[in-house]
Structure formats: structure tokens, C-alpha cells
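**Student:** The structure is given below, and queries will be raised subsequently.
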Amino acid sequence: MVSYDQIIIGGGLSGLAAGIRLARFGFKVLILEKHTIPGGLNSYYFRQGRLLETGLHAMTNYAPPGSKSAPLNRLFRQLKLSRKKFPTHQQLRSTIYFPDHHTLSFSNDLDLLRREVKRLFPESLDRFNALVELVSSHDPFVDRPWASARDRLAAILDNERLTNMLLWPLMMYGSCNEHDMDFDQFVIMFQAVYLEGFFRPAGTIKDFLDTLLDHYRALGGEIRFRAPVKRFWISGGLVGAVLLESGEEIACRQVISTAGYPATLGFMAGDNAPAEEAARYGGRMSFVEIINVLPAECRKDLRGDETIIFYNLDEPFDYRRPEQAVNVDCGVICFPENFRDLEPGAEFQLRVTHPANYEVWKSFDPVKYAAKKQFWADRSSERVGEIIGNYREKVVYQDVFTPTTIEKFTGKVNGAIYGSPVKLKEGTTPLSNLFVAGTDQGYLGIVGAMLSGVTMVNKHIFKEN
Ligand SMILES: Cc1cc2nc3c(=O)[nH]c(=O)nc-3n(C[C@H](O)[C@H](O)[C@H](O)COP(=O)(O)OP(=O)(O)OC[C@H]3O[C@@H](n4cnc5c(N)ncnc54)[C@H](O)[C@@H]3O)c2cc1C
């Protein structure tokens, strides 16, 4: 039987980062990816000659190359990638949009958000500054029990509208919990979004993934696509080998799974998957994403000078799985071309994300599925049009992906992008040579997923070898 030092399940960003870190130190490592291309949640596909990205609105945790201790630059060092040869484009400005035309804009300079808080909530500025100080000095990676961010914010800010407005982008970009989020997760996201900020790499996500994959292979790492893992062979509390759907068995000393904890529990139990245990770790928050392609000339008619608009028109505000298929009363409007120094093309994209209900999408008759997508895309453009101006008739290409699409292509149970509501911060499992990295370990987003892969390798694999 062929044998490796480590097997990594999943060629998403956490798996690629873990693989690079291991290959860099001479381990014989194999990534098994069930899809035909890398990237997982953050990937791409081609339609009518256009490259469409699945995940990337913006990367979080912006830092200029010189800032040595910044998470982004630490990540690059750990992966032995040159940050200076990684050109980036910072966001222009983003806005949180609530009822009564309450808006708060922010950029990669915290002063803008401070000024905006002072404009809209002058009585709360001192409290907001106290929150920034607390977040700056809080270590969110200590293993502690879940604590309500909402309760902490109520005590610090004493202003429900400000609390909700600050929470909204952080929840949309990283909360696996409904209504609330863990205070440590809040701190990670606050630092990533408001203190460090948004950027995107030059080029497409395909270019970024190609760079990572080439680097991994150049270091001696191996990857197999179309290689879905079915289960583990377990002996004496250790994974001894991994069984693929094809029937092939591959032996290994250690495994890092990035497939999500419910799926990983399934690998442990094989055909006797512990349904109750898996249900405990199944997330409920999923989303639809509508990618609209528009001709450049209609940009002037739209409110289109921001990078991202996080809008919520629901009263009272709540972050939760909707009862119906999609909640178009709230969402994220992203203009992926609106980053500094990007040249406008003949077309531009408008990407819109809304909370969605996995069960409802799953229950749709397959024959009516396409019509349902069109129905909700139309409702979305009507609602979003109220904020940025009407664009519906000008769309030259549109694609919609739903919670079931996410589950199909990434294996995320319930299409839950942010994974399990219970995070395994230590990354350990009942099997002493099996570790979890990625979304269910607790770091979120693209940079977060990569940091998770690297951190789990440093913490568990390097310690034991
Ligand atoms: C619509 C959308 C918008 C987003 N926007 C942003 C954004 O703007 N900024 C940001 O930072 N993040 C964003 N994200 C989130 C970000 O993409 C993810 O947090 C990150 O990519 C997660 O990486 P991961 O490696 O942990 O998991 P995944 O990407 O899920 O990787 C897991 C991999 O495991 C593979 N796999 C699963 N089961 C098996 C199996 N049995 N055998 C073999 N392989 C298997 C999957 O195919 C997948 O490739 C967005 C995500 C989506 C879907």
C-alpha cells in the first residue's frame, strides 16, 4: 500500500496552506481533493468565456508588506512566499446600511469609522473607542467557553443600533451562530475587517490558487483531484489508512481534515456515521450568491463607488436562517472591481449575497429548481435596486448559487459556509493522529483558513515529529 507522512483531506485554502508548510519541511505529504480544481469554497468556474469567482468578495486582514507582525505577513513568511511579490489592491470604502438611512462607512483606515460613529452616534464615541482598545488587546485564540458578543457589546456600547450595525458585516462574513456570535470570533473578525481591512490580490482567484499550487508542488507536495475520501481505517485509536471512494487505500502517519467536522466524523464511522453527533456540529447559516455581469456604461447610473455595502432593511435586525428560501431584505452587495488601482473593463460584476434556507432549497422539485433561482434573483435585484439603482434589465449574464450548490461542491453539510456552531479551537479529535483545520477549527475567511492550516501543522505535526 502506498504510504505518506501526512494526508490532508481537502484542497481548499486551509489544506493548501497546511500542505505547503509540511512540504517546506521535507514531509512526504498528499492532499486529497474530491473536486477537479483547488480552492473549495473559494474557487472559480468558467461560463460563456468568463471566469467567475465563487468566494472572493475581498480578502480580510490587509497589511502593507513592511508590517512584520501582521497576520497576513506572518502567513506569507510561514509559507515561504514573498509578500513583496504579491501585489494587492486595497478597498475603496465600504458601507453598513440600515433603516432610516443610517449608514456607517469604513475603509482600511480606522479613522473613517471613528468619524462615522461620531457623526451618527456622537454620544457613543468614547464607548466605541473603549471597544477598539479592548479588541486590540484581547487574545481570541485562548481556548475558552463560548461567550455572547452581543452581551459584551451591550455592556460596552450601550447602544443597540450601533451594536447591530457593527455586528452585521462581521456576522455576514463569519458567524456560524444565528442571532449572536462568540466574543472571540467577534474579536477575530473585528480585527480582520475594521482594524486591518479589505483587499484583493492582483489577478483572479485562479491566479492566486495557481501560485499556491505551483509552490506546493515545487516543494515536493503531491495533490490528487477527483479523489473523494470515504472513510478511515482505524486501529488502536489511530488512523492507519484512508479509504477513497474508488476503493484505493493509502496509509499515513497523520491526517489533517479540512472537510468540516461533521464530514470528518463520517469518515471515522464509515457507514455507521453518528448522525446525532454530526447533527450537533451541523451549521444552519447558509447563503445564496447572485453574480450579475453588467456593461461598463451602466455603472454611472448606479450607486457604485463603494467596494461592499452590507445592507439590512429588516426591523428588528436579526442574523438568522430565513423561513423562506432567501431573505432579500438583507445582504451584501459587492463590486469586485472597486479596489484601488484596478483598471475598469468593458464589463463589471455586481455580486449579491443573501441569507438562505438550506432545507427549503433541498426540498425544491429538481424540475423547478432553475425557475426558483430565477424567481429569487429577480426579487434580489428589485430589493438591491432600491439601494443602488435599477440594474435588472441591464444584466448581460447572471448566475446563482444556492446552499445546495455549496454542499454539492464543497461537502459543507447544510451548505453552511461558516461551518459548525461548535468550534474545535485546539484542532484535536478523539483520534490522536487526526486533526481538524479550516472553518470548523475556528479561523474564518480566506486568510483565516490559511492561518488555520499553518497553525495546526505548527501545533500538532511539528510537535510530534
Ligand atoms: C459566496 C461566498 C463568499 C465568500 N466571501 C468571502 C470573502 O469575501 N472573503 C473571505 O475571506 N472569505 C470569503 N468566503 C469564505 C472563504 O471562501 C472560506 O472561509 C475559506 O475558503 C474556507 O476554506 P477551507 O479550506 O477551510 O474550507 P473549504 O474551502 O470548504 O475546503 C475544503 C475542501 O475539502 C474538500 N472536500 C470535502 N469533502 C471531501 C472528501 N470527502 N474528500 C476529499 N476532499 C473533500 C472540498 O471539496 C474543499 O475543496 C466566502 C465563501 C463563499 C461561499
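When you number the sequence shown by the working numbering, it's gap-free, plus one each residue, and the end is 476.
Note that the Cβ used here is the ideal one computed from N, Cα and C, for glycine as well.
#1: With H, G and I counted as helix, E and B as strand and the rest as coil, what does DSSP make of I472?
#2: Taking only heavy atoms of ligand 1 into account, decide whether any of them is closer than 7 Å to the Cβ of L131.
#3: Between the beta-carbon of L206 and the beta-carbon of S147, is there less than 8 Å?
#4: Once the 5 residues before and after H190 are set aside, which same chain residues still bring their CB inside 8 Å of it?
#5: Have a look at the DSSP bridge pairing and note the partners of M70.
#6: Quick one: give me the first and last residue of the beta strand (DSSP E) that S54 is part of.
#7: In terms of residues, what are the limits of the beta strand (DSSP E) holding Y15?
#8: How about Q102 and F36: are their beta carbons less than 8 Å apart?
#9: Tell me the DSSP secondary structure of W157 in three-state form.
#10: Any heavy atom of ligand 1 inside 7 Å of the beta-carbon of L90?
#11: From the DSSP output, which residues share a beta bridge with V458?
#12: Kindly provide the ranges of any beta strand (DSSP E) runs that are 3 or more residues long and lie completely inside the stretch 371–437, ordered along the chain.
#13: Can you tell me whether R337 is buried or exposed, with buried defined as 16 or more other CB within 10 angstroms of its CB?
#14: G30 by DSSP, collapsed to three states: which one?
#15: For R314, which three-state DSSP category applies?
#16: When you compare the stretch 266–279 with the stretch 59–69, are there three or more beta-carbon pairs, one atom per stretch, that lie closer than 8 Å?
#17: Measuring only the C-alpha atoms, how far is V371 from L136?
#18: Kindly give me the distance between the Cβ atoms of M200 and L455, rounded to whole angstroms, as I take these residues to be in contact under 8 Å.
#19: My understanding is that I18 touches V253, with C-beta atoms under 8 Å, so please give their C-beta distance in whole angstroms.
#20: Could you compute how far the alpha carbon of K95 sits from the alpha carbon of F386?
#21: So what's A229 in DSSP terms, helix, strand or just coil?
#22: Let me know the secondary structure DSSP gives C341 once reduced to three states.
#23: In terms of alpha-carbon separation, which member of F412, F359 and R403 lies closest to K4?
#24: Give a yes or no on contact between the stretch 415–422 and the stretch 307–321, applying the rule of three or more CB pairs nearer than 8 Å.
#25: Quick one: what's got a C-beta closer than 8 Å to R138's C-beta in the same chain, skipping five residues either side?
#26: Please determine whether the Cβ atom of A81 lies at a distance below 7 Å from any heavy atom of ligand 1.
#27: Quick check: the stretch 391–406 against the stretch 443–463, are at least 3 beta-carbon pairs closer than 8 Å?
#28: What does DSSP give as the partner residue(s) for H365 in the beta ladder?
#29: Counting only the same chain and skipping the five closest in sequence on each side, list residues whose C-beta sits under 7 Å from that of V447.
#30: Since S105 is in the beta strand (DSSP E), which residue starts that stretch and which ends it?
#31: Counting Cβ pairs, one atom from each stretch, are 3 or more of them under 8 Å apart for the stretch 29–45 and the stretch 213–221?
#32: Should P377 go down as buried or exposed, given a rule of 16 or more other Cβ atoms within 10 Å for buried?
#33: Check this for me: beta carbons of L86 and V468, under 8 Å apart or not?
#34: Could you check whether the Cβ of K384 sits closer than 7 Å to any heavy atom belonging to ligand 1?
#35: How would you write the range of the alpha helix (DSSP H) that V204 sits in, first residue to last?
#36: Look at the Cβ atom of E127, then the Cβ atom of S116, and state whether they are nearer than 8 Å.
**Tutor:** Concretely, from the data shown:
#1: The residue labelled residue 472 in the question sits at position 461 within the sequence shown. Correct three-state label for I472: helix.
#2: On the sequence shown, position 120 is the one that residue 131 refers to. No.
#3: By one-based count along the sequence shown, residue 206 stands at place 195. By one-based count along the sequence shown, residue 147 stands at place 136. Cβ distance < 8 Å, so L206 and S147 count as in contact.
#4: Working through the sequence shown from its first residue, we reach residue 190 at position 179. Closer than 8 Å at the Cβ level, and outside the excluded window around H190, lie R161, D329, Y330 and R331.
#5: Within the sequence shown, numbered from 1, the residue matching residue 70 stands at position 59. DSSP, once it has assigned bridges, lists F210 as partnering M70.
#6: Reading the sequence shown from its first residue, position 43 is the one you call residue 54. It is not in any beta strand (DSSP E) - S54 carries neither H nor E in the DSSP assignment.
#7: The residue you call residue 15 lines up with position 4 of the sequence shown. Here the beta strand (DSSP E) through Y15 covers S14 to I20.
#8: Start at 1 with the first residue of the sequence shown, and residue 102 comes out as number 91. Start at 1 with the first residue of the sequence shown, and residue 36 comes out as number 25. Not closer than 8 Å, so no.
#9: By one-based count along the sequence shown, residue 157 stands at place 146. Correct three-state label for W157: coil.
#10: Locating residue 90 in the sequence shown gives position 79, counting from the first residue. No.
#11: Here residue 458 corresponds to residue number 447 of the sequence shown, with the count starting at 1. Bridge partners of V458: none, in fact.
#12: 408–412
#13: For the purposes of this step, residue 337 is taken as the residue at position 326 of the sequence shown. The identity of residue 337 in the sequence shown is Val, whereas the question assumes Arg. When all chains shown are included, V337 counts as buried.
#14: For the purposes of this step, residue 30 is identified with residue 19 of the sequence shown, where counting begins at 1. Of the three classes helix, strand and coil, the one that applies to G30 here is helix, per DSSP.
#15: Position 303 of the sequence shown, counting from 1, holds the residue named residue 314. It is coil, neither helix nor strand.
#16: no
#17: Within the sequence shown, residue 371 is the residue found at index 360, counting from 1. Within the sequence shown, residue 136 is the residue found at index 125, counting from 1. Going from the Cα of V371 to the Cα of L136 covers about 42 Å.
#18: Numbered from its first residue, the sequence shown carries residue 200 at position 189. Numbered from its first residue, the sequence shown carries residue 455 at position 444. That belief holds up - the Cβ atoms of M200 and L455 are roughly 7 Å apart, short of 8 Å.
#19: Here residue 18 refers to the residue found at position 7 when the sequence shown is read from its first residue. Here residue 253 refers to the residue found at position 242 when the sequence shown is read from its first residue. So it is a contact: roughly 5 Å between Cβ atoms.
#20: Counting from one through the sequence shown, the residue named residue 95 turns up at place 84. Counting from one through the sequence shown, the residue named residue 386 turns up at place 375. Cα to Cα, the separation comes out at about 45 Å.
#21: To locate residue 229, count along the sequence shown from 1; it is residue 218. In the structure shown, A229 sits in a helix (DSSP, three-state: H, G or I).
#22: If you number the sequence shown from 1, residue 341 lands on position 330. Strand at C341.
#23: Look at the range of the chain in this structure, 12 to 476, and you will see that residue 4 is not part of it.
#24: no
#25: Within the sequence shown, residue 138 is the residue found at index 127, counting from 1. I167, L168, D169 and N170.
#26: Here residue 81 refers to the residue found at position 70 when the sequence shown is read from its first residue. For ligand 1, not one heavy atom lies less than 7 Å from the Cβ of A81.
#27: no
#28: Here residue 365 refers to the residue found at position 354 of the sequence shown. Beta-bridge pairing links H365 to V299.
#29: Position 436 of the sequence shown holds residue 447. Only S268, Y272, T275, L435, G438 and T440 meet the Cβ criterion.
#30: Locating residue 105 in the sequence shown gives position 94, where the first residue counts as 1. From DSSP, the beta strand (DSSP E) with S105 extends over S105 to F109.
#31: no
#32: Here residue 377 corresponds to residue number 366 of the sequence shown, with the count starting at 1. Its Cβ having fewer than 16 others within 10 Å, P377 is exposed.
#33: Here residue 86 refers to the residue found at position 75 of the sequence shown. Here residue 468 refers to the residue found at position 457 of the sequence shown. Their beta carbons are not under 8 Å apart, which means L86 does not touch V468 by this criterion.
#34: Here residue 384 refers to the residue found at position 373 when the sequence shown is read from its first residue. Checking every heavy atom of ligand 1 against the Cβ of K384, none is found closer than 7 Å.
#35: The residue you call residue 204 lines up with position 193 of the sequence shown. Run containing V204: none; DSSP gives neither H nor E here.
#36: For the purposes of this step, residue 127 is identified with residue 116 of the sequence shown, where counting begins at 1. For the purposes of this step, residue 116 is identified with residue 105 of the sequence shown, where counting begins at 1. Yes, Cβ-Cβ distance for E127 and S116 is below 8 Å.
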